[in-house]
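Enquirer: Residue numbers (my numbering), protein chains in the order written: chain A, 1 to 131; chain R, 132 to 281.
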Amino acid sequence: MKKLVLFSIIAFGGLIFMNFSRIDSKSVNPKNDKYEVPENVQAIIDRSCFGCHNSDSKNEKGKKKLSWDLMKKGYKTYKVIAKLSEIEEVLQKNEMPPEKFLAKYPDKKLSDEEREIMIKWAQDMVKKMSE
Amino acid sequence: MKKIIWITLIVVILGMQLVPVNRPENSDDLSKDLIANNQIPENISNILKNSCYDCHSNQTNYPWYAYVAPVSFLVVNDVNEGREELNFSEWENRDKSKKAKALDEMAEEVEEGEMPMEIYLITHSNAKLSDKQRKEFAEWAENYAESLFE
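1) So, helix, strand or coil for A/Lys26, using DSSP?
2) Secondary structure at R/Ala258, three-state DSSP: helix, strand or coil?
3) May I ask you to verify whether the segment 203-219 of chain R touches the segment 56-73 of chain A, counting CB pairs closer than 8 Å and requiring at least 3?
4) Report the residue from A/Glu60, A/Tyr35, A/Trp68, A/Lys34 whose alpha carbon sits nearest the alpha carbon of A/Ile45.
5) Listed in chain order, which residues of the segment 68-86 of chain A have Cβ atoms closer than 8 Å to some Cβ of chain R?
6) Name the residues in the segment 27-54 of chain A whose C-beta lies less than 8 Å from a C-beta of chain R; which are they?
7) Does any residue of chain R bring its CB to less than 8 Å from the CB of A/Ser25?
8) Would you check if the segment 218-230 of chain R and the segment 164-173 of chain R touch, i.e. whether three or more CB-CB distances between them fall below 8 Å?
9) What number of angstroms, rounded off, separates the C-alpha of A/Glu39 from the C-alpha of R/Ser256?
10) Going by C-alpha distance, which of R/Asp159, R/Glu156, R/Pro201 is nearest R/Val150?
11) What number of angstroms, rounded off, separates the C-alpha of R/Ala272 from the C-alpha of R/Ile138?
12) Run down chain R in chain order and give the residues with a C-beta less than 8 Å from the C-beta of A/Val126.
13) List, in chain order, every chain R residue whose beta-carbon is nearer than 9 Å to that of A/Ser111.
14) Under the rule that 16 or more other beta-carbon atoms within 10 Å means buried, what is R/Val143, buried or exposed?
15) Taking its Cβ as the centre, do 16 or more other Cβ atoms sit within 10 Å of A/Val80, making it buried, or is it exposed?
16) Using a Cβ-Cβ cut-off of 8 Å, state whether A/Ser130 counts as contacting chain R.
17) Within a Cβ cutoff of 6 Å, which residues of the same chain sit near R/Glu249, ignoring the five residues on either side of it in sequence?
18) Determine the chain A residues that contact R/Asp160 at a beta-carbon separation under 9 Å, and present them in chain order.
19) Whole angstroms is fine: what's the gap from A/Lys127's alpha carbon to A/Lys76's?
20) Go through its chain and collect everything with a Cβ distance to R/Ala231's Cβ below 8 Å, but skip five positions before and after it.
21) Give the secondary structure of R/Met147 by DSSP, where H, G and I count as helix, E and B as strand, and everything else as coil.
And the structure:
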């Protein structure tokens with residue numbers, strides 16, 4: 001009899017737990033877990049992008065257009081993919097970092113090789129996350 | 132003296148009408164159209180048709196003044212730019228990530244009141260969006276974009 005009670009409690013607890021984890025996995029699209037930033041990409045972001053593009057930035061426009069910290073956690077899947085697609089386009093056209101900003105901080109300019117790394121990474125990530 | 136100014140003005144405006152204008156052509160092809168190929172709620176498709184499609188599709192309704200210079204120059208320029216940036220008649224040519232990008236920007240620009248453009252609304256008062264419509268539209272765009280990846 002004791003065994004039966006104990007078993008029921010465990011089973012009941014298990015059901016509740018499973019329910020929670022189900023809700024949890026449903027609220028965040030599992031595709032978001034596919035987002036990864038290799039070290040060399042992270043280094044470029046930290047040096048040349050993050051200063052304006054983060055959710056505590058004083059640059060309102062930069063913050064609104066893209067907050068790198070929200071790419072990892074915060075943006076919905078479509079938004080991460082939309083931003084990656086925009087990053088690719090903006091870098092293809094060599095529009096970021098802006099000229100005005102580079103005049104002040106020339107060391108933050110991206111080399112052609114660095115731009116290539118970023119573009120390739122954004123393209124690969126879009127593919128991976130769209131699957 | 133005054134007469135000369137008037138005559139010059141009239142001659143200039145008449146002369147302007149002779150400048151060739153390359154009006155973007157319309158097409159009835161709906162094979163790649165956003166509304167024709169997707170299940171879009173009526174309130175949203177109405178917004179798209181009334182407030183967006185004139186510049187962002189190949190189904191522009193040209194008003195009479197679109198045929199009179201110098202206004203025609205402005206209209207042609209805006210329609211060209213609008214179609215280039217985002218053309219709903221060619222929606223299905225976009226891959227999922229480009230759709231997501233467009234929907235993300237649509238939600239932002241409509242909610243912030245950047246679109247439809249002020250100059251368009253001067254002569255298209257039925258294209259004006261209420262705050263409620265802007266919110267509904269942004270919500271739809273975000274949910275629709277997310278549904279592409281579920």
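All C-beta atoms in this analysis are idealised placements derived from N, C-alpha and C, irrespective of residue type, glycine included.
Expert: So, from the listed chains and residues:
1) By one-based count along the first sequence, residue 26 of chain A stands at place 26. Per-residue confidence for A/Lys26 stands at a pLDDT of 48, beneath the threshold of 50, marking its modelled position as unreliable; the derived number appears in the next sentence. In the three-state DSSP reduction, A/Lys26 falls in the helix class (H, G or I).
2) Taking the second sequence and counting its residues from 1, the one referred to as residue 258 of chain R is at position 127. DSSP places R/Ala258 within a helical segment (H, G or I) once states are collapsed to three.
3) Because the criterion of three Cβ pairs below 8 Å is not met, the segment 203-219 of chain R and the segment 56-73 of chain A do not touch.
4) Counted from its first residue, the first sequence places residue 45 of chain A at position 45. The alpha carbon of A/Ile45 has as its nearest neighbour, out of A/Glu60, A/Tyr35, A/Trp68, A/Lys34, the alpha carbon of A/Trp68.
5) So the close ones are Lys76, Thr77, Tyr78, Lys79, Ile81, Ala82, Lys83, Leu84, Ser85, Glu86.
6) Contact residues of the segment 27-54 of chain A toward chain R are Asn29, Lys31 (C-beta to C-beta distance below 8 Å).
7) As a position in the first sequence, residue 25 of chain A is number 25, starting the count at 1. With a pLDDT of 44 at A/Ser25, under the threshold of 50, the predicted position of this residue should be treated as unreliable, though the coordinate-derived value follows. So no, A/Ser25 is outside the interface.
8) Yes, they touch.
9) For the purposes of this step, residue 39 of chain A is taken as the residue at position 39 of the first sequence. For the purposes of this step, residue 256 of chain R is taken as the residue at position 125 of the second sequence. About 52 Å.
10) Within the second sequence, the letter at position 19 stands for residue 150 of chain R. Comparing alpha-carbon positions, the option among R/Asp159, R/Glu156, R/Pro201 lying closest to R/Val150 turns out to be R/Pro201.
11) Counting from 1 along the second sequence, the entry for residue 272 of chain R is found at position 141. Counting from 1 along the second sequence, the entry for residue 138 of chain R is found at position 7. The C-alpha of R/Ala272 lies about 52 Å from the C-alpha of R/Ile138.
12) Taking the first residue of the first sequence as position 1, residue 126 of chain A is located at position 126. Within chain R, the residues near A/Val126 are Ser228.
13) Walking along the first sequence from the start, residue 111 of chain A turns up at place 111. By Cβ distance, chain R contributes nothing, its closest Cβ being about 26 Å from A/Ser111, past 9 Å.
14) As a position in the second sequence, residue 143 of chain R is number 12, starting the count at 1. So R/Val143 ends up on the exposed side.
15) For this step, residue 80 of chain A is matched to residue 80 along the first sequence. When all chains shown are included, A/Val80 counts as buried.
16) Here residue 130 of chain A is taken as the residue at index 130 of the first sequence, counted from 1. For A/Ser130, the nearest CB of chain R lies under 8 Å from its own CB, placing it at the interface with that chain.
17) Position 118 of the second sequence, counted from the start, is the residue given in the question as residue 249 of chain R. Apart from sequence neighbours up to five positions away, no residue of its chain approaches R/Glu249 with a beta-carbon distance below 6 Å.
18) Counting from one through the second sequence, the residue named residue 160 of chain R turns up at place 29. The premise fails here: R/Asp160 is roughly 26 Å from chain A at the closest Cβ pair, so nothing lies under 9 Å.
19) Residue numbering aside, residue 127 of chain A sits at position 127 when the first sequence is read from its first letter. Residue numbering aside, residue 76 of chain A sits at position 76 when the first sequence is read from its first letter. Their backbone Cα atoms lie some 16 Å apart in a straight line.
20) Your numbering for residue 231 of chain R matches position 100 in the second sequence. Around R/Ala231, the same chain offers Ala276, Leu279, Phe280 as residues with beta carbons nearer than 8 Å, after the five sequence neighbours per side are excluded.
21) If you number the second sequence from 1, residue 147 of chain R lands on position 16. Shown here, R/Met147 sits in a helix according to DSSP, grouped into three states.
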